[in-house]
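Chains as they are written, first to last, in the working numbering: chain S, 120 to 355; chain U, 120 to 355.
Below, the structure written as structure tokens:
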């Protein structure tokens with residue numbers, strides 16, 4: 120399934136350029152490692168490459184000159200493979216250990232939290248609509264491939280999760296207790312808030328427990344660091 | 120101590136532009152919050168601003184048109200204050216709880232680790248020469264002001280610290296034990312390694328204990344997240 124394209128005014132190339140920084144279900148990924156992961160998870164739809172090889176069998180492969188890859192890339196030094204990938208489907212049945220991102224906006228933080236959730240065997244990461252998009256290229260890069268290996272969704276509200284019987288653990292500096300003094304739960308959602316504003320008031324009101332990490336000199340931790348400490352604690 | 124400059128070919132402005140992304144002792148900081156912190160710590164040497172006010176008494180203040188601030192800024196939307204700051208002096212006597220960054224290269228990671236070290240009351244962060252520079256604008260931004268409140272140095276080797284009686288705790292995925300099974304120490308250095316390569320072999324050889332964080336699905340944590348979990352544990 121190979122095809123050769125040498126003009127950047129080709130309609131397919133123009134459509135691909137539109138996928139750069141898009142917010143849709145299909146998105147571009149860069150670098151062979153990420154393409155391998157998407158391929159293994161049956162999520163790779165197309166390969167655009169300067170290499171005339173058969174690395175990705177059964178996937179439509181477009182051979183292009185380097186300048187076209189450069190047009191598609193978000194990086195300064197373009198890698199020889201760019202892919203079009205889909206997001207993993209979220210099954211209607213979510214697992215018992217979830218992380219909920221309530222307006223986490225820095226793409227690096229969102230990606231790092233997804234990576235940590237996978238490392239600590241969480242069952243999924245739910246993102247509020249005002250969190251950074253899963254198809255943002257910096258989110259994808261920061262997940263280091265975890266994106267393809269853990270269920271992700273931006274279609275579930277915290278209220279719905281509470282109705283499904285999840286214990287809601289919210290992080291907040293105010294009216295909270297030291298997380299080390301809280302029990303662990305079998306079925307829970309750990310809620311991490313926006314970098315500046317924290318968790319939204321309506322979500323704090325859903326909390327079964329509101330926790331904080333004790334600090335010394337300043338009450339300030341990066342949300343991915345705080346999230347990592349709490350995910351590590353509650354994973355059981 | 121006010122001065123008005125309206126030309127970007129002015130020699131002072133040209134010298135300031137050279138400070139952008141410099142690797143020297145003096146560096147540019149942006150935004151009133153950071154300038155306030157530098158001022159409080161007696162590290163602010165000069166203010167360049169579009170505001171004709173007396174916010175920073177006793178500090179040389181240069182009033183400029185907005186286009187000159189834009190030439191000095193690393194941000195797309197420039198803030199009305201840019202400052203020239205020095206790094207805090209490191210006293211020859213370091214405290215008992217230190218973090219050592221062995222080739223940590225992502226500026227966001229370096230800044231986040233410095234911020235976490237301050238929050239968890241560490242006494243200082245030491246950076247190897249091949250770590251991201253303390254005067255990199257992204258490092259400064261990620262510290263969220265912690266830069267001015269915790270001793271930092273890139274002039275001390277891990278070998279010297281060992282000779283000074285610090286217990287050396289190195290993080291590594293190989294030949295390591297679960298950090299939860301290690302004792303805590305009164306005087307120690309927690310060593311965090313490069314994002315891809317980990318801690319250098321010669322530094323692993325200096326270790327008194329080599330630790331890892333147990334993971335489930337993938338052996339992969341962001342270094343600032345891993346550092347946060349371990350700093351939180353060992354702070355005692």
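Quick reminder that beta carbons are idealized off the backbone N, C-alpha and C, glycines included.
7 angstroms Cβ shell around residue i - same chain, five flanking residues per side excluded
i                     : result
residue 338 (chain U) : 292
residue 351 (chain S) : 239
residue 121 (chain U) : 180 and 182
residue 303 (chain U) : 353 and 355
residue 138 (chain U) : 145, 146, 147 and 203
Cutoff 8 angstroms: residue i Cβ touching any chain U Cβ
i                     : result
residue 371 (chain S) : A query on residue 371 (chain S) cannot be resolved here, the shown segment of chain S reaching from 120 to 355 and no further.
residue 339 (chain S) : yes
residue 351 (chain S) : yes
residue 344 (chain S) : yes
residue 196 (chain S) : no
residue 222 (chain S) : no
C-beta neighbour in chain S for residue i, strict 8 angstroms
i                     : result
residue 185 (chain U) : no
residue 227 (chain U) : yes
residue 231 (chain U) : yes
residue 355 (chain U) : no
residue 268 (chain U) : yes
residue 331 (chain U) : no
residue 240 (chain U) : yes
residue 234 (chain U) : yes
Within chain U, the residues that residue i reaches when beta carbons sit closer than 9 angstroms
i                     : result
residue 307 (chain S) : Here the premise fails: no neighbours, minimum Cβ distance about 16 angstroms.
beta-carbon residue i near the ligand ATP non-hydrogen atom, thresh 7 angstroms
i                     : result
residue 321 (chain U) : You won't find the ligand ATP in this model; it holds no ligand whatsoever.
Per-residue contacts from residue i into chain U (C-beta, under 7 angstroms)
i                     : result
residue 237 (chain S) : 336 and 337
residue 150 (chain S) : Those do not exist, as residue 150 (chain S) stays about 13 angstroms from chain U at its closest Cβ, beyond 7 angstroms.
Presumed contact (8 angstroms Cβ cut-off) between residue i and residue j, rounded CB distance
i                     : j                     : result
residue 422 (chain S) : residue 289 (chain S) : The first residue shown for chain S is 120 and the last is 355, placing residue 422 (chain S) beyond what the model contains.
residue 146 (chain S) : residue 204 (chain S) : 6 angstroms
residue 322 (chain S) : residue 280 (chain S) : 10 angstroms between Cβ atoms; not a contact.
residue 285 (chain U) : residue 263 (chain U) : With a Cβ gap of about 27 angstroms, residue 285 (chain U) and residue 263 (chain U) do not count as contacting.
residue 287 (chain S) : residue 310 (chain S) : 6 angstroms
residue 312 (chain S) : residue 222 (chain S) : 7 angstroms
residue 218 (chain U) : residue 258 (chain U) : The pair is not a contact, with the Cβ atoms about 14 angstroms apart (cut-off 8 angstroms).
Beta-carbon contacts of residue i that lie in its chain and below 8 angstroms, excluding the five residues immediately before and after
i                     : result
residue 354 (chain U) : 216, 239, 240 and 241
residue 343 (chain U) : 227, 228, 231, 232 and 235
residue 334 (chain U) : 340
residue 125 (chain U) : 183, 184 and 187
residue 224 (chain S) : 249, 250, 251, 313 and 314
residue 169 (chain U) : 182, 183, 184, 185, 188 and 199
Neighbour list for residue i in chain U, Cβ cutoff strictly below 8 angstroms
i                     : result
residue 216 (chain S) : Per Cβ cutoff of 8 angstroms: no residues; residue 216 (chain S) is ~10 angstroms from chain U at best.
Per-residue contacts from residue i into chain S (C-beta, under 9 angstroms)
i                     : result
residue 243 (chain U) : By Cβ distance, chain S contributes nothing, its closest Cβ being about 12 angstroms from residue 243 (chain U), past 9 angstroms.
residue 265 (chain U) : 336, 337 and 339
Cβ neighbours of residue i in the same chain (closer than 6 angstroms, five flanking residues each side left out)
i                     : result
residue 171 (chain U) : 182
residue 209 (chain S) : 270 and 272
residue 151 (chain S) : 200
residue 256 (chain U) : 193
residue 247 (chain S) : 221 and 222
residue 328 (chain U) : 288 and 301
Residues that DSSP places opposite residue i in a beta bridge
i                     : result
residue 165 (chain S) : S:179 and S:203
residue 125 (chain S) : Looking at the DSSP assignment, residue 125 (chain S) forms no beta bridge with any residue, so it has no partner.
residue 286 (chain S) : S:307
residue 213 (chain U) : BP columns for residue 213 (chain U) are empty, so no partner.
residue 314 (chain U) : According to DSSP, which records beta bridges pairwise, residue 314 (chain U) is partnered with nothing at all.
residue 272 (chain S) : S:245
residue 328 (chain U) : U:288
residue 145 (chain S) : S:205
residue 218 (chain S) : S:244 and S:309
residue 297 (chain U) : U:331
Partner residues on chain S for residue i, Cβ-Cβ distance less than 7 angstroms
i                     : result
residue 348 (chain U) : 347, 348 and 351
Any C-beta of chain B under 8 angstroms from that of residue i
i                     : result
residue 311 (chain S) : No chain B appears in this structure, whose protein chains are S and U.
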